[in-house]
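Using the UniProt record's numbering, read the sequence shown as starting at 1 and increasing by one per residue.
By construction, the Cβ of each residue, glycine as well, lies at the ideal position given by its N, Cα and C atoms.
Note that the structure is a prediction, hence the values are computed from the model and not measured.
Comments concern the structure below.
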Amino acid sequence: MSDSTNLSRRLTMSSIVQAITTYGPISRASVAKMTGYSKQTVSEIVGSLEQDGWVQTVGRTEGSVGRRAVVYEIVPDAALVASIDLGGTKVRVALCNLAGAVVVESTEPTTQEGGQAVVDQIATIIVNTARMNNIASEKVRVAVVGVPGVLDAKTGNIKFAPNIQGIDKIDFIGSLQERLGIEVLVENDVNLAALGEHWMTRQGERDDLVFLSIGTGIGAGLVIGGQLVRGATGAAGEIGYIPFGADPYEAESKQVGALERVTATRAILDEYAKLSGSTKTVPEIFEASLKGDTVATDVLRSAASYIARAVASIAAVVDPACVIIGGSIGSRSELIEMIEAEINRCFPRLIPVEASVLGNHAALAGGASIALSRLHISLFSGGLAGAEIIIPPPALKTYQEYAV
């Protein structure tokens, strides 16, 4: 087969698989009409896919005049991807099928040994999770890892990840690929959360959104025109370094970020202790505010005010359709209401502010969307440069039922 013929076949197969993935169960005649390829070409490609175990028949068309046509769909469990959310305290792994649904999930405390030990832990969780659920490990074809740091596009190394000791000192991607024997991709965890929200709930409807994560740190993921914005060095969305809040010229602000110093967990805890003379956890501070503790309310409103200014600053530049807020602190409805009220005080137009619908599984959903797209390209386009397969999202509950 010549190179040009091979290229043509890969493009054809990619289009046909896209149609079956998006609209299946679907007949070959409908695929031909949708893609513009001849019925003979579609039948030949679909037959090849069926023989190789990638598509299957699931009955016949209903209610049509004349002979009913056989309909096809992707075989969901023909291959799997691994989506990993690596945090400073927990590592979550979800194995997802070709339809995007979570097949099984595992969560463990993140090893504090750092570096290579983190790589070994992730690989072990994936292998053990597959084995304990009678899944052949070779079925897992691609892994995407969300990390609390920035991926250097030039070197492939992870930087600015202080919560994962030593991860910046190793070839993280290369080491994990060697352990697993599959393709590994790495992305910032908040970026993945933004992609997850866009993929699962807003794809094609609101293609300009900002995901804001507030917890031990503060960060943003930007989806503009349906595409993730990474920036020149991969650091787009590191809003903790916006120079207001704490004194931006202090050494700590350069290291941690002036905005993060007044909005994240540590800031809320320290400010409450300073003003009240007592210590509480963040959930206890929220509870105290609900019960009328004015100090607690003032502390939370102060953080909300700074966050609102950050949101307004982002909105002035990228004009998002909505801002979605998540994270251990950001998911609190009381804080979201305060943020929205503060935005209305300082910004001339309405910015819809919403709570994440995926909770702590937004990053896993985003990782799955990237992994599935990459897997489909690898399987059905031969890794063709520039190929793109858009995977329709599974039912929202497949991620919500795991989220807390």
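Opening and closing residue of the alpha helix (DSSP H) in which residue i lies
| i | result |
| --- | --- |
| Y241 | That residue, Y241, is in no alpha helix (DSSP H); it is neither H nor E in DSSP. |
| K274 | 265-276 |
| A32 | 28-35 |
| Q121 | 116-132 |
| N191 | 189-197 |
| T294 | 294-318 |
| V256 | 251-256 |
| V46 | 39-51 |
| I370 | 362-380 |
8 Å Cβ shell around residue i - same chain, five flanking residues per side excluded
| i | result |
| --- | --- |
| N128 | S106 |
| I242 | G257, A258, L259, A310, S313 |
| D152 | I158, K159, T233, G234 |
| T297 | S289 |
Cβ neighbours of residue i in the same chain (closer than 7 Å, five flanking residues each side left out)
| i | result |
| --- | --- |
| P109 | T89, K90 |
| G24 | Y72, E73, I74 |
| V282 | T265, I268, L269, I329 |
| S38 | A32 |
| V404 | Low confidence applies here, because V404 scores a pLDDT of 47, under 50, leaving its location unreliable and the question unanswered by this model. |
| I224 | D208, V318 |
| R332 | F286 |
| E284 | none |
| residue 410 | Because the chain spans 1 through 404 in this model, residue 410 falls outside it and cannot be assessed. |
| N133 | V104 |
CB of residue i within 8 Å of CB of residue j, strictly
| i | j | result |
| --- | --- | --- |
| E271 | R261 | no |
| N188 | G146 | yes |
| A321 | D208 | yes |
| T201 | V357 | yes |
| residue 433 | E183 | Absent from the model: residue 433. The displayed extent of the chain is 1 to 404, so no value can be given. |
| F286 | E334 | yes |
| G166 | G115 | yes |
| V142 | I84 | no |
| I377 | A355 | no |
| L95 | I370 | no |
| residue 406 | V102 | In the structure as shown, the chain begins at 1 and stops at 404. Residue 406 is therefore absent and cannot be evaluated. |
| L237 | P148 | Residue identity differs from the one stated: residue 237 is Gly in this sequence, not Leu. Not closer than 8 Å, so no. |
| L80 | I135 | yes |
| L180 | A123 | yes |
Close-in-space but distant-in-sequence residues of the same chain around residue i (CB under 6 Å, 5 per side omitted)
| i | result |
| --- | --- |
| P392 | T22 |
| P76 | N97, L98, A99 |
| G156 | I173 |
| T263 | I218, A303, Y306, I307 |
| N191 | G221, L228 |
| V17 | F380 |
| L49 | V55 |
| L275 | V295 |
| Q121 | T111 |
| P162 | none |
Those residues which DSSP pairs with residue i across a bridge
| i | result |
| --- | --- |
| G221 | F211 |
| P109 | K90 |
| residue 405 | Residue coverage of the chain in this structure runs from 1 to 404, which leaves residue 405 outside it and unanswerable. |
| L228 | V223 |
| S83 | A94, V144 |
| residue 411 | In the structure displayed, the chain extends from 1 to 404; residue 411 sits before or after that span and is not available. |
| V104 | L95 |
| E183 | V142 |
When the options are compared against residue i, the one with the closest alpha-carbon
| i | options | result |
| --- | --- | --- |
| T265 | V118, S278, S213 | S213 |
| A368 | A82, T111, E197, R131 | A82 |
| V93 | A365, K274, V299, A161 | A365 |
| G53 | K139, L372, I343, E238 | K139 |
| E44 | G36, R28, Q56, T57 | R28 |
| A273 | K254, V295, Q255, S137 | V295 |
| P348 | H376, S331, V323, A315 | A315 |
| A363 | S276, T398, A193 | A193 |
| E197 | I20, G226, G47, L300 | G226 |
| V69 | I26, C346, G36, V46 | Reading off the sequence shown, one finds Ala at residue 69, where the question assumed Val. Of the candidates I26, C346, G36, V46, the one whose C-alpha sits nearest the C-alpha of A69 is I26. |
| I336 | R301, G231, Q51, T57 | R301 |
Enclosing beta strand (DSSP E) for residue i [first to last residue]
| i | result |
| --- | --- |
| Y72 | 70-74 |
| I324 | 322-326 |
| V282 | That residue, V282, is in no beta strand (DSSP E); its alpha helix (DSSP H) goes 282-290. |
| T57 | 55-60 |
| A355 | 353-355 |
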